Amino acid sequence: MPTYRIAPSILSADFARLGEEVRNVVRDGADMIHFDVMDNHYVPNLTIGPLVLEAIRPHVQVPIDVHLMVRPVDRIIPDFAKAGANIITFHPEASDHVDRSLQLIRDNGCKAGLVFNPATPLHYLDYVMDKIDIILIMSVNPGFGGQSFIPEALKKIAEARQRIDASGREIMLEVDGGIKVDNIAAAAKAGADTFVAGSAIFGKPDYKAVIDNMRTQLASA
Ligand code: DX5
Ligand code: ZN
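Following the numbering used here, the numbering of the sequence shown begins with 506 at its first residue and continues without gaps.
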């Protein structure tokens, strides 16, 4: 069985109690924290930035996975690295110089990755696989939590898995959007190993019950 990671998205957490929320979800079995950054420009919503990352950083030891839904990306990357990010991903359409942005993330000591919207082709990976630590496949259009999983994402996950295997490199394959207990196994079967879930976890009273159920599903995938 591959190493599976569950990455709750704090987009659906109680923002008035964010420190406690991340501590609780890690206590209840989360492997990483997914941190959604939206700018009301690249996506039609506005969320949180480096100051909030810095504030939650001391509360958890697990990796913090920063998903940038902002344009442009380069100016803000060092700020997230300094605030304590471990992983930084961005959408290739949001950077004029994708290779440079990936290198910038790595130069700042973080793992780097690209995020693919439902209609974005994977060919952005063609010449940069050596700079990729993580590939994030969106299974919703970015901007909001609580949307429904787009099933076509499974095909793209499988294609990304083939590219990773062909590269021979250790690259995480993450899926984000509409992941629930009842579809996490399908995403794993397609080849994903890292699962973002916002509303499915923070929208429920018992985080441990959801995460345990997700792990049971993954064990049988
Ligand atoms: C959407 C975000 C997701 C979102 C997932 O733009 O990137 O991380 O929080 O939320 P759910 O799991 O509710 O679809
Ligand atoms: Zn996200």
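Glycine included, each C-beta is placed from N, C-alpha and C at the ideal position.
Computed from a predicted structure; not experimentally measured.
With residue 540 as the anchor, note down where its beta strand (DSSP E) starts and where it stops.
Taking the first residue of the sequence shown as 1, we reach residue 540 at position 35. 538-543 is the span of the beta strand (DSSP E), which, as asked, contains residue 540.
Which residues bound the alpha helix (DSSP H) around residue 569?
Taking the first residue of the sequence shown as position 1, residue 569 is located at position 64. No alpha helix (DSSP H) contains residue 569, which is instead part of the beta strand (DSSP E) from 569-574.
Alpha carbon to alpha carbon, what distance is there between residue 622 and residue 682?
Residue mapping note: residue 682 aligns to position 177 of the sequence shown, counting from 1. Residue mapping note: residue 622 aligns to position 117 of the sequence shown, counting from 1. One alpha carbon belongs to residue 682, the other to residue 622, and they sit about 10 Å apart.
Can you tell me which of the three DSSP states residue 603 falls into?
Taking the sequence shown and counting its residues from 1, one reaches residue 603 at position 98. Helix.
So, at 7 Å on beta carbons, what are the nonlocal neighbours of residue 514 in its own chain, with the 5 sequence-adjacent residues on each side left out?
By one-based count along the sequence shown, residue 514 stands at place 9. Excluding residues within five positions, the ones whose Cβ falls inside 7 Å are 539, 541, 650, 701, 702, 703.
With DSSP as the reference, please indicate the residues paired to residue 678 in a beta bridge.
Walking along the sequence shown from the start, residue 678 turns up at place 173. BP columns for residue 678 point to 640.
Within its chain, find whatever has a CB closer than 6 Å to the CB of residue 611; leave out the 5 residues flanking it on each side and keep chain order.
Translated into positions along the sequence shown, residue 611 becomes position 106. Excluding residues within five positions, the ones whose Cβ falls inside 6 Å are 617.
In terms of DSSP beta bridges, what is residue 552 paired with?
Translated into positions along the sequence shown, residue 552 becomes position 47. None; residue 552 has no bridge partner.
Enclosing alpha helix (DSSP H) for residue 583 [first to last residue]:
In the sequence shown, counting from the first residue as 1, residue 583 sits at position 78. Unbroken alpha helix (DSSP H) run through residue 583: 582-588.
Alpha carbon to alpha carbon, what distance is there between residue 531 and residue 640?
Sequence index remark: in the sequence shown, residue 640 carries index 135 (1-based). Sequence index remark: in the sequence shown, residue 531 carries index 26 (1-based). Their backbone Cα atoms lie some 23 Å apart in a straight line.
Residue 704 CB to nearest heavy atom of the ligand ZN below 7 Å:
Looking up residue 704 in the sequence shown gives position 199. Residue 704 Cβ: outside cutoff for every heavy atom of the ligand ZN.
How long is the line joining the alpha carbons of residue 569 and residue 512, rounded to whole angstroms?
Along the sequence shown, read from residue 1 onward, the residue named residue 569 stands at position 64. Along the sequence shown, read from residue 1 onward, the residue named residue 512 stands at position 7. Cα atoms of residue 569 and residue 512: separation of roughly 9 Å, rounded to the nearest angstrom.
Is the beta carbon of residue 531 within less than 7 Å of some heavy atom of the ligand ZN?
Translated into positions along the sequence shown, residue 531 becomes position 26. Distances from the CB of residue 531 to the heavy atoms of the ligand ZN are all 7 Å or more.
Counting Cβ pairs closer than 8 Å, one from the region 556-576 and one from the region 588-600, do we hit at least three?
Result yes; three or more Cβ-Cβ pairs closer than 8 Å.
Determine the contact status of residue 666 and residue 696, defining contact as a CB-CB distance below 8 Å.
Counting from one through the sequence shown, the residue named residue 666 turns up at place 161. Counting from one through the sequence shown, the residue named residue 696 turns up at place 191. In this structure, residue 696 lies closer than 8 Å to residue 666 by Cβ.
Within 10 angstroms of the Cβ of residue 672, are there 16 or more other Cβ atoms? Answer buried if so, exposed if not.
On the sequence shown, position 167 is the one that residue 672 refers to. Around the C-beta of residue 672, fewer than 16 other C-beta atoms lie within 10 Å, and the residue is accordingly described as exposed.
Determine the extent of the beta strand (DSSP E) in which residue 511 is found, giving its start and end residues.
Within the sequence shown, the letter at position 6 stands for residue 511. Run containing residue 511: 510-513, per the beta strand (DSSP E) assignment.
Could you please give me the residues that DSSP links to residue 592 through a beta bridge?
To locate residue 592, count along the sequence shown from 1; it is residue 87. Paired residue(s): 570, 616.
Use the C-beta contact count for residue 510: other C-beta atoms within 10 angstroms, 16 or more gives buried, fewer gives exposed.
For the purposes of this step, residue 510 is taken as residue 5 along the sequence shown, with counting starting at 1. Under the 10 Å beta carbon count, residue 510 is surrounded by 16 or more other beta carbons and is classified as buried.
Measuring from each Cβ to the nearest heavy atom of the ligand MG, keep the ones under 6 Å and list them in chain order.
Absence of the ligand MG is noted for the structure shown, with the ligand DX5 and the ligand ZN being the only ligands found.
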